[in-house]
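Novice:
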Amino acid sequence: MSENWLVDLVPAERPERVAYLFPHAGAGVSAVLALGRALAPDPHPVAIRLPGREALLDHAPIADLPAVAKRLADAIRTHAGEARIILYGHSSGSALAYETARALEPETALLLAVSAQQAPGTPVRMAAGCWDFPDDRFFAQVVADGYLPAALLDDPDVLEMVAPALRADYRATYEYLTGTTQWPPVASPILAIRATEDETVAEEDITAWSALTTSGLTTALITAGHNLLRDRPLELAAALRHALP
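Here UniProt numbering is used: position 40 in the sequence shown is 40, and no number is missing along the way.
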C-alpha cells in the first residue's frame, strides 16, 4: 500500500504544517533523516520511502514517475489531513516532488522546494540507457553523481541490494525528463537550491524552475557539493524555513 511509502520521522499530534521529503535516486528514510530532525517540530517531517529500499526492499521498484506521483498524492492527502503541505525533493527526488505537486492539484502545496536538480524541460545531462549499463560502469556513474560513497564499490553485497531501486529511479527520471510529458506551472511557490561546487547542475538549470510556477521562484545557494542532504542538512532546513510564506 502506498500509505507505507510515508514515514513520520518524529512523533507529532495534529501538526499545522507537514514537510514531505523526497530523497535522491535509490535512497530512502536514512537519506532525509538529518534534514527531518533539523526541521522538526514545525514543519513536521515525513520521509518518502518507495518500494525496493529499506523496509520495502522486497517490493518491486516502480519505474513510472507519474504513476508513483499520483499514488503519493493520494497518500499525502490522507496523511496530511488539515495540515498545510510542503514538498521537498533532492536531486532526482525533485522531479518526483514536482510531479506530486501537479498530482495534488487543485490543492496547492504551501511550498515546493527542490535542490541539486535541473528543471524539467531543460537539457538532460543523464546518459541515455545508463540504468542498463554493466554493474561496474553503472555504479561508477552513481558514485560520480554523488548518490553512493566510493567505498561501497568494494562491497558487492550492498551494491546488489541497492541496484534494483537505483536502476529503476534512473530510468524513471530519464524517461520523465525526455518524454513527451508537458510540464505546466504549479500554483505553489518554488524554492530552488543549488550547491556551489555541484558540477552536475548549472545556475541556469536552477533558474529555469521559474517557468514551472505561477507563484514565484526563490533561489538559494549553499556552499557544498552535490549531496546536500548528507553534507548540509542544517543549511537546507534554514533555507526551507526562510522560504515558507
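Heads up, the beta-carbon is just placed ideally off N, CA and C, and yes, glycines get one too.
Look up tyrosine 147 in the DSSP assignment and say whether it is helix, strand or coil.
Specialist: coil
Novice: Less than 7 Å between C-beta atoms, sequence neighbours within five positions excluded: which residues of the same chain meet that for proline 164?
Specialist: Scanning its chain for C-beta atoms nearer than 7 Å, with the 5 sequence neighbours on each side dropped, one finds around proline 164 the residues Gly52, Pro61, in chain order.
Novice: Once DSSP output is grouped into helix, strand and coil, what is the label at phenylalanine 138?
Specialist: helix
Novice: Would DSSP call threonine 108 helix, strand or coil?
Specialist: coil
Novice: Which residue comes first and which comes last in the alpha helix (DSSP H) that contains residue 246?
Specialist: For residue 246 there is no data in the structure shown, the boundaries of the chain being 1 and 245.
Novice: Can you list, in chain order, the residues of its chain with a C-beta nearer than 8 Å to that of residue 312? Leave out the 5 residues immediately preceding and following it.
Specialist: For residue 312 there is no data in the structure shown, the boundaries of the chain being 1 and 245.
Novice: With histidine 242 as the anchor, note down where its alpha helix (DSSP H) starts and where it stops.
Specialist: 233-243
Novice: Rank Ala211, Tyr170, Gly36 by C-alpha distance to the C-alpha of arginine 241 and give the top, closest one.
Specialist: Gly36
Novice: Spatial neighbours of residue 247 within its chain, please: C-beta separation below 6 Å, excluding the five flanking residues on both sides.
Specialist: Outside the displayed range of the chain (1 to 245) lies residue 247, so it cannot be described from this structure.
Novice: For the ligand GTP, any of its heavy atoms closer than 7 Å to the Cβ of proline 149?
Specialist: The ligand GTP is not among the ligands present in this structure, which contains no ligands whatsoever.
Novice: Going by C-alpha distance, which of Pro189, Ala109, Ala38, Leu112 is nearest serine 215?
Specialist: Pro189
Novice: On the DSSP bridge assignment, give the partners of histidine 59 in chain order.
Specialist: Looking at the DSSP assignment, histidine 59 forms no beta bridge with any residue, so it has no partner.
Novice: Just curious, the beta strand (DSSP E) that valine 201 is in, first and last residue?
Specialist: It is not in any beta strand (DSSP E) - valine 201 carries neither H nor E in the DSSP assignment.
Novice: Within a Cβ cutoff of 7 Å, which residues of the same chain sit near valine 7, ignoring the five residues on either side of it in sequence?
Specialist: Val29, Val46, Ala47, Arg49.
Novice: So what's serine 210 in DSSP terms, helix, strand or just coil?
Specialist: helix
Novice: So, arginine 171 versus alanine 31, is the Cβ gap smaller than 8 Å?
Specialist: At the C-beta level, arginine 171 and alanine 31 stay beyond 8 Å of one another.
Novice: Per DSSP, which one or two residues make a beta bridge with aspartate 8?
Specialist: Partner(s): Val46.
Novice: I'd like the span of the beta strand (DSSP E) that includes threonine 18, first residue to last.
Specialist: For the record, residue 18 in the displayed sequence is valine; it is not threonine. That run of the beta strand (DSSP E) goes 17-22.
Novice: Is it right to say alanine 151 is buried, meaning 16 or more other beta carbons lie within 10 angstroms of its own, or is it exposed?
Specialist: Per the 10 Å Cβ criterion, exposed.
Novice: Is the Cβ-Cβ distance between glutamate 105 and valine 186 less than 8 Å?
Specialist: yes
Novice: Does the beta-carbon of glycine 81 have 16 or more other beta-carbons within 10 angstroms, so that it is buried, or is it exposed?
Specialist: exposed
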